[in-house]
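Numbered according to this note's numbering, the sequence shown spans residues 1306 to 1363.
Positions of the beta carbon are idealized from the N, C-alpha and C atoms, including for glycine.
Just below is one structure, and these are the notes that go with it.
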Amino acid sequence: MMIPKDPVMLLSFINLKLRDYYSDLEALCEDLDLESQEVTNRLATIDYHYDRERNQFV
């Protein structure tokens, strides 16, 4: 699956998917064939980090 390259668009895309379809980041990455570390690193460039309790990047 093609995911947004822009980190801000990626943030919106990932948080929407987490909110509406997935119980956690690992499930999302497994289903969409993504590397969780790559997603985490890209969102860290705009100072967003995964909050497991909230199941979103904040």
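Between L1337 and M1306, the CB-CB gap stays under 8 Å. Setting aside the 5 residues that flank it on each side, Y1353 is surrounded in the same chain by L1316, F1362, V1363, each with a C-beta closer than 7 Å to its C-beta; the list follows chain order. Non-local C-beta neighbours of T1350 in its own chain, meaning closer than 6 Å and more than five positions away in sequence, comprise P1312, ordered along the chain.
With respect to the 8 Å criterion, L1323 and L1333 are classified as neighbours on the basis of their beta carbons. For N1320, the uninterrupted alpha helix (DSSP H) segment begins and ends at 1312-1325.
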